[in-house]
Amino acid sequence: MPRRRDDDDELDPEDEQEDEEELEDEEDYDDGGGRGGSSKKRRRSEFIDDVAEEDDEEEDEDDEEDDFDGGHRSHKQRRRTGSEFFELEAAVDSDEEEDEEEGEDDFIVETGAELQDEEEGRRMRRRPLLPREDDQEDFEALERRIQERYARSSHTEYDEETTDVEQQALLPSVKDPKLWMVKCAIGREREVAVCLMQKFIDKGSELQIRSAIALDHLKNYIYIEADKEAHVREACKGMRNIYSAKVMLVPIKEMTDVLSVESKAIDLSRDTWVRMKIGTYKGDLAKVVDVDNVRQRVTVKLVPRIDLQAIANKLEGREVVKKKAFVPPPRFMNIDEAREMHIRVERRRDPITGDYFENIGGMMFKDGFLYKTVSMKSISAQNIQPTFDELEKFRKPGEDGAGDIASLSTLFANRKKGHFMKGDAVIVVKGDLKNLMGWVEKVEEENVHIRPKMKGLPATLAVNEKELCKYFKPGDHVKVVSGAQEGATGMVVKVEGHVLIIVSDTTKEDIRVFADNVVESSEVTSGVTKIGDYELHDLVLLDNMSFGVIIRVESEAFQVLKGVPDRPEVVLVKLREIKSKIERRVNAQDQSKNTVSVKDVVKILEGPCKGKQGPVEHIYRGILFIYDRHHLEHAGYICAKAQSCVLVGGSRANSDRNGDSLASRFPNLRASPHITQSPRRPPRGPPMDSGGRHRGGRGHDSLVGSTIKIRLGPFKGYRGRVVDVNGQSVRVELESQMKVVTVNRNQISDNVAVATPYRDTPRYGMGSETPMHPSRTPMHPYMTPMRDPGATPIHDGMRTPMRDRAWNPYAPMSPPRDNWDDANPSSWGTSPQYQPGSPPSRPYEAPTPGSGWANTPAGNYSEAGTPRENSPAYASAPSPYLPTTPGGQPMTPSSASYLPGTPGGQPMTPGSGGLDVMSPTIGGESEGPWFIPDILVNVRKSGEESGVGVVREVLPDGSCKVALGSTGNGETITVSQNEMEIVVPRKSDKIKIMSGVHRGATGKLIGIDGTDGIVKVDDTLDVKILDMVILAKLAQV
Amino acid sequence: MFFHIVLERNMQLHPRHFGPNLRDKLVAKLMKDVEGTCSGRHGFVVAITGVDNIGKGLIRDGTGFVTFPVKYQCVVFRPFKGEILEAVVTMVNKMGFFAEAGPVQIFVSNHLIPDDMEFQSGDMPNYTTSDGSVKIQKDSEVRLKIIGTRVDATEIFCIGTIKDDFLGVINDPGAAA
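So the protein lines, in turn, are chains A and B. Counting with the UniProt record's numbering, you get residues 1 to 1037 for the letters of the first sequence. Counting with the UniProt record's numbering, you get residues 1 to 177 for the letters of the second sequence.
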């Protein structure tokens, strides 16, 4: 009989069962009634015996143990009662220490403890554990016995309908035993209580305490129920971890609170999905394989994150470089691989489950998974939503379908409220009614009333929510409402248990989702369509100046169809690899020189997608992105050169926007290059370029669309339009020959330089709200209708502010506009804030008829009552000067200069003469000397590193002498305007005002409001609101 | 399934069309507007076969447009769940194949293709049985069963299956050649 005890040693680490066992003992004791101590003991041992025997047979590893114990049999028997506590404590002790370490290698530590025990073999061992299989029966038996036992007690007769009075009667009174609070070692509360119980069992009635209670939430104390304090002290005498010096009486009133139960029990059971909260595995999904409620520990199954190399290094005693930040990726353990690396792999059997584990460096592996025992606190079991991939990893071959049901129960536990709705088709997944299909009739909290599909059953059945799962048939159109694919819709093509395979509506790809995560729906969406600022089907600029359309949004990345017309090129890009969204509205010309704008339907005539046809979704650098819904690859997007397409039918974009206004179609309203071209002017007006620049912000593409002259090389003297810029080479469409040639960027003429001031001033880019629309001439046609005589000012107001702002500068372009102005004098006269009150703005207004339009924006805004951010700016601006208007202003100069180019409308003479007429201020601004000495610029000389420099001197040709270095102590170089850009000041920076009436003044940027900077001017100490684009960071001297 | 039904529609006609050919214009516009559209209820309007009745026009204030209620006969095509259709395969990929039955596009997922048919990539992607006797590739004709439909403004999209008795290839262009 005592031999059995030895066997337990191997089972040591599991003291979970101890409780039950202890209870058993107690039971036995009770049954035994008045019998003597010895019989009591025997009975108990017998009880344990049959259990332990099985273990015994399986146990084949520790023979020496048996021998050893054989020798000490009698000894042990003798010592049983008294020392048992200490044994227990000692054993637990070591465990506890491990707990505190909270290491990763629980397994090994425990084995260590075992070994230690063996060394000190003479000790008494703990009683055997009950094998798991017996738990159930035992529990039942136990329950029965407990009920029998307490049935006798006086308090148990109450049933459900206890009245308040009866309840009151149960409250403790003065006659009842009292509750004492006794201090004990932290973390040993349960242990101490169990010890007291054991002591009670062993000593019997000597111990006059009634009960001992350890509360999980109360550290450092246990409660002991006893009549007298002396009894408590007596019971605690000689026990470790109990500090009976301090025994406090719990007031009668508070006694009930001590034992009121919090219903917060976390339902941690086997096969539950949990997530790790700390350590290397933080956030990882784990499956519970074992729960130890007593020690509050769980054994979980994880996908290991093990760096075998590191282990190998460690084992061989090599220097291990600790890389803290590095977390090895989850990967299944490959034992052979480990062996190859000469890592010792032990194969041993787990004494509890009888399963074999591979043991590497103290970690237990099985089937590639890591089995790890952790504290319950280090896992979270609430709201676990395993993703499909995660679950898939855990699903090992051979375990499909049935195994899932259990794990699904976890998913069910995480259902949101109102998961089932009336009319949902459901299927019973558990219990007697398994596989019964039905429809939800009513939901009452946990219970769902379903109308079964099968005949002969009651009209409705109440089924627990957890036993139900939604049911879908192939062909159902569903929407995913939770999980990674949330938002996607599609049609069910296959049902695999509780997993649906859906063909997504947009991508036509398979999605695997849980039936639980979808609802029937008729809507069509594509799931996640947005990350950050970028949305599905957006045209984006990528890092390396390439561009493309987002054709698919994945969890962390986008699939982008690049703008390469020859072959479809799809790249996967991360969010950070995207530079910006390209929103500019540009046009292109098709093969027959028709203007193609967005939404026009084109047909592809050349290339791999020849014959395809569809509306143009994006245009960029002469490349069209066409959406053909019959094209199934790349989300229907096709990339083609504009030149290889032909417009089908009329331009929808134009007609759409123009409505019925035919005026806009008059060719003379179009500022199209062919019409307006004048010998002295580049066909494209500066504003267009500037518009282009707004988008690109800086750099290369700003040239695109402008007309240049080639200075050097074989094409010397030719003029042409830039169609593409790629680094140093520029592709130019020659005017005189219908061909496109590539020339070096520095071989093109100063014609560009003329335009450069507009083009390359980065400030334009900064005031970048100005939309693209106006920037390209072909757009004008559809801008025009707004100024259609028939249009009312309100109409403008209804436009988006952006557009308002944008088209204003163009107003003078179209004669109808003028009419309109005449007709609505108020539209431009109504902005007193800045018109009359601002001398500086005079120059704009006075000399040119443009004044009308210059003011118009304000007029329109106010009239239309559009809540633009501008309006307040006007109102509050201390200076009525133009710069107070955020977006509009920067445009103004350029449009002013553009004005002269306007075909027909204005009394200006065509040609750059317009600029001359302009006031010096404007000329100054637009011509280029935005740069002024002492400001910080970023120099981006081609082929050289970009760097910060300080403008020392502005040369007459617009280039600057720049001293490199942030303080200007480096070498001085001459930099042309397009090679540098202003360093945008930040809040609290010292700044210099580059333009306007305060030009040259220095100040401090005390705040930024959108595109406005709030500036405190040094000289006057005035606070001004100025457009950020005219502010430059002042170099520190 | 095709239906020949009578539908009604209010047509708006621009005043510039008022004149001797008003009726023709109206019919032409009707055809342009209606043919090729689809609705969830009636499916695809394939063709207008005749105009039964054109009601009295009502002049719209402000625009001068005239609204005529028009009754017309048309042929509509509407796929139903469970319907068996014959369709021509237009594209094959690893996720399944697309087929067209007139105006309707049908997708047959690889889950709905018999398990013994395997996807073979190449310049002529196809699904082939293990013994190579049956092959589904572009331009094959298949008989399939519709298991789900989705109606957009401009198209009807169906999911079909050939994983059932008597479904599958009915005429293989490869075999004929």
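We treat Cβ as the ideally placed atom computed from N, Cα and C, and that holds for glycine.
Among the options, the one whose alpha carbon lies nearest that of residue i
i, options, result
"residue 376/A", "749/A, 303/A, 299/A and 444/A", "299/A"
"residue 277/A", "434/A, 374/A, 617/A and 342/A", "374/A"
"residue 464/A", "563/A, 245/A and 428/A", "428/A"
"residue 27/B", "47/B, 42/B and 114/B", "47/B"
"residue 720/A", "728/A, 709/A, 726/A and 713/A", "709/A"
"residue 294/A", "382/A, 646/A, 189/A and 624/A", "189/A"
"residue 16/B", "55/B, 45/B, 34/B and 64/B", "64/B"
"residue 93/B", "118/B, 78/B, 102/B and 86/B", "118/B"
"residue 445/A", "421/A, 716/A and 291/A", "421/A"
"residue 57/B", "132/B, 14/B and 166/B", "14/B"
"residue 435/A", "426/A, 486/A, 442/A and 441/A", "426/A"
"residue 431/A", "467/A, 457/A and 424/A", "467/A"
Min CB distance residue i to chain B below 9 Å
i, result
"residue 503/A", "yes"
"residue 474/A", "yes"
"residue 508/A", "yes"
"residue 491/A", "yes"
"residue 634/A", "no"
"residue 494/A", "yes"
"residue 644/A", "no"
"residue 1105/A", "Nothing about residue 1105/A can be reported from this structure: the residues present for chain A run from 1 to 1037 only."
"residue 976/A", "no"
"residue 959/A", "no"
"residue 817/A", "A caution first: residue 817/A carries a pLDDT of 40, below 50, which makes its placement in the model too unreliable to give a value."
Any C-beta of chain A under 9 Å from that of residue i
i, result
"residue 1/B", "no"
"residue 81/B", "yes"
"residue 148/B", "yes"
"residue 159/B", "yes"
"residue 96/B", "yes"
"residue 177/B", "Legend: pLDDT at residue 177/B = 46, less than 50; position of this residue unreliable, no value from coordinates given."
Residue i versus residue j - alpha carbon distance
i, j, result
"residue 1027/A", "residue 1011/A", "6 Å"
"residue 76/B", "residue 2/B", "6 Å"
"residue 183/A", "residue 220/A", "6 Å"
"residue 1014/A", "residue 731/A", "42 Å"
"residue 184/B", "residue 447/A", "Since the first residue of chain B shown is 1 and the last is 177, residue 184/B is not available in this structure."
"residue 476/A", "residue 282/A", "38 Å"
"residue 152/B", "residue 39/B", "8 Å"
"residue 610/A", "residue 88/B", "22 Å"
"residue 393/A", "residue 302/A", "10 Å"
"residue 193/A", "residue 214/A", "6 Å"
"residue 562/A", "residue 649/A", "27 Å"
"residue 603/A", "residue 591/A", "10 Å"
"residue 73/B", "residue 53/B", "10 Å"
"residue 1034/A", "residue 932/A", "10 Å"
"residue 200/A", "residue 179/A", "17 Å"
"residue 195/A", "residue 292/A", "18 Å"
"residue 973/A", "residue 327/A", "48 Å"
"residue 382/A", "residue 947/A", "53 Å"
"residue 82/B", "residue 582/A", "46 Å"
Distance cut-off 8 Å: residue i Cβ against heavy atoms of the ligand GDP
i, result
"residue 141/B", "The ligand GDP is not among the ligands present in this structure, which contains no ligands whatsoever."
Minimum Cβ-Cβ distance from residue i to chain E less than 9 Å
i, result
"residue 736/A", "Absent here is chain E; the protein component of the structure consists of chains A and B."
Original post:
In chain order, which continuous runs of the beta strand (DSSP E) of length 3 or greater are located wholly inside the UniProt domain "NusG-like N-terminal" (176-262) of chain A?
Top reply: Runs of the beta strand (DSSP E) inside the UniProt domain "NusG-like N-terminal" (176-262) of chain A: 178-184, 209-213, 221-226 and 242-250.
Original post:
When you check each C-beta in the region 105-134 of chain B against every C-beta of chain A, which residues fall closer than 7 Å?
Top reply: Going along the region 105-134 of chain B in chain order, one finds 107, 109, 111 and 112 with a Cβ nearer than 7 Å to chain A.
Original post:
When Cβ atoms are compared, which residues of the UniProt domain "RNA polymerase Rpb7-like N-terminal" (8-64) of chain B fall closer than 7 Å to chain A?
Top reply: Answer in chain order: no residues at all.
**OP:** For the region 11-71 of chain B, list the beta strand (DSSP E) runs that are entirely contained and at least 3 residues long, ordered along the chain.
**Re:** Segments of the beta strand (DSSP E) lying fully in the region 11-71 of chain B: 43-54.
**OP:** Mind listing, in chain order, the continuous beta strand (DSSP E) runs of no fewer than 3 residues lying wholly within the region 590-641 of chain A?
**Re:** Secondary structure in the region 590-641 of chain A: the beta strand (DSSP E) runs of 3 residues or longer, each lying completely within the stretch, are 601-604, 613-620, 623-627 and 637-641 in chain order.
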